[in-house]
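> Protein chains in written order, with this note's numbering: chain S, 1098 to 1385; chain F, 7 to 537.
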């Protein structure tokens, strides 16, 4: 396993009496790390802390050798990180080019020619070269999301924080987005928050499951799937002892939990592992 | 979508700029430039500019500039009011530019950028300079345009001309300040309404309120004054506006997250300067200006310059010297119909200022002072002429017919005394005076017809400098003159010259005069005014 380039240790963040993050520690390396978790798991809080938008109450962060929890380090960290918020918003009156160019200024690329080159590069990278002169308000939802991604990668930051970037996209757009993120993961540290296990299965070399403010799993997608090994079976009717079960397209019921003796076991999926991991978690019902 | 979704180009070596103070400064300047371009294209600015310039364009297209006869040391002040529309547009546009982040729900994105909110605020502040330059260019264009108009006189005060750009800048800072105070979009329009009320209040309110607002108005009913008689503490006012701007700008940067230890002390100093200059600009008119006004209103001869045109000597305050060209057109237009001995007599036209002692309209002009002034200057029987000339929104043209009527009166009666006499001129003499005065130039004729429209009961008063002094002409005379104006001027003029002596004779009645001119005598006795 390559050495961690972003290391989070013992992170605690409270909102009043509610603990959003409790002793969260994790390490991120080059490639795409999926951050899975139900709603309210603390994903967005963790991402906002890593993006320097929020300070933790306790804990340390080493971001590519930078300590973003100091005033000086925070600015340094902003130079090396790109952040795509959950609801990125957009300036409808700007053209795609104008907006990315503007973000380039915010990222202190003050040389005009260099900034324009970079604007063209990132718009090309997200496949928006053809519409760069169009106002953002005239672009489709998927295109707008790609503009937001382009904004996050201006200046080629080494650490990308993407907060549920595929929400609201249709399957085709989601597929394209996955391709983009996969390519970025080849030479960047990418932290992708999602509650879609398919995204993780398709993209990630590393997955972290967060629930109730704590890390429940930290490993490879295969390991997460393996968590359900021997605990997935199918039957003609829903097994009342199963943790969860649903009728599949083949007409049989896919059960997870403790299989009855003689049950026909199935190859576990990432989702099976994830659901079993959260078994007993109050949020499970919501996810399942 | 045909574009490939792959990273085909490797990123250039973007350094993101050095994390130094210089790096931040360059970023702020770059951002200010980008924001400037956005501001200049903002609809609120374009609308403000359009509303500001529309009356000027209309004036130009309708030929109004030909009869405006601009006095540049007044025009530099008149230009300020319409520029407030651009200032209002600036306030709105600047406010919206800052609130773009909130309106477009991009707070989360902006909050993690290298460029901080305070730096963005400074960039927004700097971007306002582009609008100040635009405002300066508009003012300069307008004043150059007016300076090139026929009959333009006087000199522009640079300080007055600088006021609108500074006001535009200040309005923009107010817009930014509001945006950092509240994200409510309604704040800016409400503030514009409040500021409009402040401007109105300072225009009509008590003396102390005159300089509180962005621009200060003069009592324009006094008419144009030579610059040395005006008291406008413009320097203090500019410092007042600049200090207000600085104070607001510093608080705005402070509200954006900059360290208060950096901004607050300077903001306090600026606020003190606002208070001090606010008091200074409000000081009463200095004694030397009061004395100079009194001197100019009663005995101006010493400070005036005279020039002779034909048989007429025109004396004026120095900035108005060139105005004698327009006055000479009037005197020439009157004397062309006079018999030789009248036309060749020597005349003096002297520019006068009439300062009312009260708001009442019953003040007479200081005839005795003027007479003594003329005697001392060796210019007896001078005809008074106002500092106001031309047709500025219909306000000034009455002064043209007042001068024209007064000069005709002087030519017909051979004395200046009748100019100030409040008597009613009933007979044929009135017909001669009024027609001569009205027909002198196309402008005096227009002014005469205009004055008839505004007349109560149809009679005409030839007041001197819009004072309570001057003769009246009954309605019958005024009507006959209007009819005469409809006839060819050469034909009527020849009849006037031929019958001059009879018409000028105070003993000749109006009916007889009308008959001499081939007009039907008015029925009955003169009505309205007692003859």
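All C-beta atoms, glycine included, are put in the ideal place defined by N, C-alpha and C.
(1) Using a Cβ-Cβ cutoff of 7 Å, what residues of the stretch 1135-1168 of chain S are near chain F? List them in chain order.
(2) Going along the chain, which unbroken runs of the beta strand (DSSP E) with 3 or more residues stay wholly within the stretch 157-193 of chain F?
(3) Is the shortest distance between the beta-carbon of residue 33(F) and the beta-carbons of chain S less than 9 Å?
(4) Take the Cβ of residue 316(F) as the centre, count every other Cβ of all protein chains shown within 10 Å, and call the residue buried at 16 or more, exposed below.
(5) Jot down the residue ranges of each uninterrupted alpha helix (DSSP H) in the stretch 297-360 of chain F, minimum 4 residues, whole runs only, in chain order.
(6) In this structure, does DSSP put residue 464(F) in helix, strand or coil?
(7) Helix, strand or coil, according to DSSP, for residue 17(F) in the structure here?
(8) Looking only at DSSP bridge pairs, what is residue 1335(S) linked to?
(9) Determine the chain S residues that contact residue 181(F) at a beta-carbon separation under 9 Å, and present them in chain order.
(10) Does any residue of chain F bring its CB to less than 9 Å from the CB of residue 1189(S)?
(11) Under a Cβ-count criterion, where at least 16 other Cβ atoms within 10 Å of its own Cβ denotes burial, should residue 454(F) be classed as buried or exposed?
(12) Just curious, the alpha helix (DSSP H) that residue 115(F) is in, first and last residue?
(13) Does the Cβ-Cβ distance between residue 1179(S) and residue 1233(S) come in under 9 Å?
(14) For the stretch 177-185 of chain F and the stretch 78-98 of chain F, state whether three or more C-beta atom pairs, one from each stretch, are separated by less than 8 Å.
(15) Of all the CB atoms in chain F, is at least one closer than 9 Å to the CB of residue 1193(S)?
(16) Return the CA-CA distance between residue 1122(S) and residue 1265(S), expressed in angstroms with no decimal places.
(17) Please list, in chain order, the chain F residues whose beta carbon lies closer than 7 Å to that of residue 1186(S).
(18) So which residues on chain F does residue 1358(S) lean against when the C-beta distance must stay under 8 Å?
(19) Using 8 Å as the Cβ pair cut-off and three pairs as the minimum, do the stretch 74-85 of chain F and the stretch 145-161 of chain F touch?
(20) Between the stretch 456-463 of chain F and the stretch 327-345 of chain F, do at least 3 Cβ pairs fall closer than 8 Å?
(21) Residues in its own chain within less than 6 Å of residue 352(F) by CB, not counting five upstream and five downstream?
(22) Just to confirm the assignment: which complete alpha helix (DSSP H) runs, minimum length 4, are found wholly within the stretch 425-474 of chain F?
(23) How long is the line joining the alpha carbons of residue 196(F) and residue 190(F), rounded to whole angstroms?
(24) If I measure Cβ to Cβ from residue 379(F) and keep anything under 6 Å in the same chain, skipping five residues before and after, which residues do I get?
(25) Tell me where the beta strand (DSSP E) around residue 1352(S) begins and ends.
(26) List, in order along the chain, the chain F residues whose C-beta lies closer than 9 Å to that of residue 1271(S)?
(27) Along the chain, where does the alpha helix (DSSP H) containing residue 1318(S) start, and where does it finish?
(28) Quick check: is the beta carbon of residue 37(F) nearer than 9 Å to any beta carbon in chain S?
(29) Strictly by DSSP, which residues pair up with residue 1159(S)?
(30) Three or more C-beta pairs closer than 8 Å, one from the stretch 1234-1241 of chain S and one from the stretch 1181-1200 of chain S: is that the case here?
(31) With 9 Å set as the bound, which would you pick, yes or no: does the beta-carbon of residue 1371(S) sit closer than that to a beta-carbon of chain F?
(32) Classify residue 492(F) as helix, strand or coil using the three-state DSSP reduction.
(33) Is it the case that the stretch 412-424 of chain F contacts the stretch 437-447 of chain F, given that we only count it when at least three CB pairs across the two stretches are under 8 Å?
(34) I believe residue 1251(S) touches residue 1195(S) by the beta-carbon criterion, under 8 Å. Please report the beta-carbon distance rounded to the nearest angstrom.
(35) For residue 1238(S), which residues of its own chain have a beta-carbon under 8 Å away from its beta-carbon, when the five flanking residues on both sides are left out?
(36) So, under 8 Å CB-CB, residue 105(F) and residue 176(F) are touching, yes? Tell me the CB distance rounded to an integer number of Å.
The short version:
(1) Here the close residues are 1148, 1149, 1150.
(2) List check, beta strand (DSSP E) in window: nothing returned.
(3) Yes, residue 33(F) lies at the interface with chain S (some Cβ there is under 9 Å from its Cβ).
(4) Residue 316(F) is classed as exposed because its beta carbon has fewer than 16 other beta carbons within 10 Å across all chains shown.
(5) As far as the stretch 297-360 of chain F is concerned, its whole alpha helix (DSSP H) runs of at least 4 residues are 330-341, 346-349.
(6) In the displayed model, residue 464(F) falls within coil according to three-state DSSP, outside both helix and strand.
(7) Confidence in residue 17(F) is poor, its pLDDT being 47 and thus under 50, which makes the residue's placement too unreliable to answer from.
(8) Residue 1335(S) is bridged by DSSP to nothing; it lacks a bridge partner.
(9) Chain order gives no chain S residues near residue 181(F), where near means a beta carbon separation below 9 Å; the closest approach is about 18 Å.
(10) Output row for residue 1189(S): interface = yes.
(11) Counting every other CB atom within 10 Å of its CB across the protein chains shown gives residue 454(F) a total of 16 or more, marking it as buried.
(12) That run of the alpha helix (DSSP H) goes 113-116.
(13) In this structure, residue 1233(S) does not lie closer than 9 Å to residue 1179(S) by Cβ.
(14) The stretch 177-185 of chain F, when compared against the stretch 78-98 of chain F, does touch it at the 8 Å Cβ threshold.
(15) With 9 Å as the cut-off, residue 1193(S) does not count as an interface residue toward chain F.
(16) Answer to the nearest angstrom: the Cα atoms are 30 Å apart.
(17) For a Cβ distance threshold of 7 Å, residue set 110, 111, 112, 115 of chain F lies close to residue 1186(S), ordered along the chain.
(18) Per Cβ cutoff of 8 Å: no residues; residue 1358(S) is ~49 Å from chain F at best.
(19) The stretch 74-85 of chain F vs the stretch 145-161 of chain F: in contact.
(20) These segments do not touch.
(21) Cβ neighbours of residue 352(F) beyond the five flanking positions: 317.
(22) With a minimum length of 4 residues, the unbroken runs of alpha helix (DSSP H) contained wholly in the stretch 425-474 of chain F fall at 434-445, 448-459.
(23) For residue 196(F) and residue 190(F), the distance between alpha carbons rounds to 11 Å.
(24) Leaving aside the five residues that flank residue 379(F) on each side, the residues in its chain whose CB is nearer than 6 Å to its CB run, in chain order, 305, 307.
(25) Its beta strand (DSSP E) spans residues 1350-1353.
(26) None at all; the shortest Cβ gap to chain F is about 12 Å.
(27) Going by DSSP, residue 1318(S) is part of the alpha helix (DSSP H) stretching over 1318-1323.
(28) With respect to chain S, the C-beta atom of residue 37(F) has a partner C-beta closer than 9 Å.
(29) According to DSSP, which records beta bridges pairwise, residue 1159(S) is partnered with 1104(S).
(30) The stretch 1234-1241 of chain S and the stretch 1181-1200 of chain S touch, with no fewer than 3 CB-CB distances between them shorter than 8 Å.
(31) No, residue 1371(S) lies away from the interface with chain F (no Cβ there is under 9 Å from its Cβ).
(32) It is helical.
(33) Put simply, the stretch 437-447 of chain F touches the stretch 412-424 of chain F. At least three CB pairs are less than 8 Å apart.
(34) About 13 Å separates the CB atoms of residue 1251(S) and residue 1195(S); that is not less than 8 Å, and the two are not in contact.
(35) Excluding sequence neighbours, residue 1238(S) sits near 1265, 1266, 1270.
(36) Actually they are not in contact, since the Cβ atoms of residue 105(F) and residue 176(F) sit about 19 Å apart, beyond 8 Å.
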